[in-house]
Amino acid sequence: MRSFFRWLDRIYPLTATGTILFFVSLLLFGVWYGTKSFYPLAFSLVSFWSIFWLVTIGVIQRMRSAKIPATIETGRPVFARLNDQNVSVQLGARRSAFLFYRYHYRLKGKLKAGRDAYFSVYSEGSSKEGISIQVPLYLPFCGMANFEGTLLLRDVFGLTRLLLSNPEPVQIVILPPFFPEKPPLKFDPSAAQESSRRIQSSEDEKYYMREYFPGDRLKDINWKTSFRIDELITRISPKSLEESKLVYIDIRPFHFDTNDGPVAILHLNYLKSWVLSFLRSVMSKYPNYRFSVSIGAENHLIESEQDLDILTRRLSVIEYQAETDMPVDTLAERFVFTTMFDRGLSSYLRTHVSSVQLFRTVKGKGRSVPLIPSADLSVLPGWWVFRNEKIDRSVKQSITPANGRLVEEKLSLEWF
83 MRSFFRWLDR IYPLTATGTI LFFVSLLLFG VWYGTKSFYP LAFSLVSFWS
133 IFWLVTIGVI QRMRSAKIPA TIETGRPVFA RLNDQNVSVQ LGARRSAFLF
183 YRYHYRLKGK LKAGRDAYFS VYSEGSSKEG ISIQVPLYLP FCGMANFEGT
233 LLLRDVFGLT RLLLSNPEPV QIVILPPFFP EKPPLKFDPS AAQESSRRIQ
283 SSEDEKYYMR EYFPGDRLKD INWKTSFRID ELITRISPKS LEESKLVYID
333 IRPFHFDTND GPVAILHLNY LKSWVLSFLR SVMSKYPNYR FSVSIGAENH
383 LIESEQDLDI LTRRLSVIEY QAETDMPVDT LAERFVFTTM FDRGLSSYLR
433 THVSSVQLFR TVKGKGRSVP LIPSADLSVL PGWWVFRNEK IDRSVKQSIT
483 PANGRLVEEK LSLEWF
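Its first residue numbered 83, the sequence shown is counted upward by one per residue in my numbering.
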């Protein structure tokens, strides 16, 4: 049945508006036949001949360029919640569309935002020139997007459309947005850290999370307003001689439930942006630092920008998971990123006797984020947005490490 509808979609030249106009012209012709009135006949003939000539012109243009393939460029990064992003489609050596026609490229598919949580996505770009088409793409959350891309001709009146290519699969990884371009982190290393070799030291090092002022790029990402975090005093204490500094980061994407609701997805997305902004900022200021990043049972060693790009793409598609044992050194100081759905956090903190700098998202009236940010409704969620999300009482309370500091970010979700 699906193949039949695809075949019909390819050969049928009229849009929904064009189909309605065609049946109206037939109805008016029947009125003229019964009443012999001139006006129904005139409107019927004008409608019919308009559709006929538009279809004829479209078929001629399709015959000229149907064999030229279109190429969609998916190499450029696409970030969630960033405006003015486009996916470029190269049309090849095509002639420009003439008269009332334009080239259109349609992306239609789903974004997987969480476990059994999908957004339906429809986006379309157009161009009169036969060179390239820019398809706008604005998505609310990160994840894996699977589309079908189709090149077609449309007239400016919206009456006809002719397919120039069969639907082709298009897969795009939607990345988490970074926080402002200016570094939100500032390390004040001690003399021991500035040396070429790391040795054990008891000196403290200062770590600051600077305020985000209005007008920063946060406004573009819709994380909204300013972001204020108290000064943190941390110590990166190496346990052995090393040529470079090693920072331990634990990401805990754990959830006690098996399905995701909109609030849970919001918290995990914010957590991903938080981690990546942390990494990028420290790497830009201290290029000799290395990072051991644990994501559940996975471990990644970050030594370069290429490693960070690989981690970004991997983290984009990470979903909540059941808690697993994280084989880590419990004596090394760690930077821990988690959400309020992490039921095993208290046990984790009891296990780690060293200093833990804990970054945690919680529910509250702090930063307000819209679920459906696009006014044209090109991105719509499914019924999963009505899931009743249960929050364990044990994870509602603030959990402060015995040795270290706690930073909590309050998030609230709005429909629009």
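In this text, a Cβ means the ideal position worked out from N, Cα and C, and glycines have one as well.
When secondary structure is reduced to three states using DSSP, residue 418 falls in the strand class.
Residue nearest to residue 375 within the set 489, 344, 192 and 334 is 334 (criterion: CA-CA distance). The Cβ atoms of residue 481 and residue 417 lie no closer than 7 Å to each other. Counted as a single uninterrupted DSSP element, the stretch harbouring residue 232 is not any alpha helix (DSSP H) but the beta strand (DSSP E) occupying residues 225-237. It is roughly 32 Å from the alpha-carbon of residue 86 to the alpha-carbon of residue 220. Counting only the Cα atoms, residue 213 lies some 31 Å from residue 462. Contact annotation: residue 199 and residue 466 have beta-carbon atoms nearer than 7 Å. In this model, residue 242 and residue 116 are separated by some 30 Å (Cα to Cα). Non-local beta-carbon contacts of residue 155 in its own chain, meaning distances under 6 Å to residues more than five positions away in sequence, involve 170 in chain order. Only exposed fits residue 383, as fewer than 16 other CB atoms lie within 10 angstroms of its CB. An exposed status is given to residue 392, since fewer than 16 other beta-carbon atoms sit within 10 Å of its beta-carbon.
Out of 488, 369, 234 and 344, the CA that lies nearest to the CA of residue 223 is found in 344. In the DSSP assignment, residue 357 falls within the alpha helix (DSSP H) that extends over 344-367. Beta-bridge pairing by DSSP links residue 132 to no other residue. Following the DSSP letters along the chain, one finds residue 253 in no alpha helix (DSSP H) but inside the beta strand (DSSP E) bounded by residues 250-257.
Counting C-beta pairs closer than 8 Å gives fewer than three between the segment 159-173 and the segment 128-142, which falls short of the contact rule. Judged by DSSP in its simplified three-state form, residue 387 adopts helix. If you check the CB distance, residue 329 and residue 373 come in under 7 Å. Where residue 199 is concerned, there is no enclosing alpha helix (DSSP H), although the beta strand (DSSP E) around it starts and stops at 199-209.
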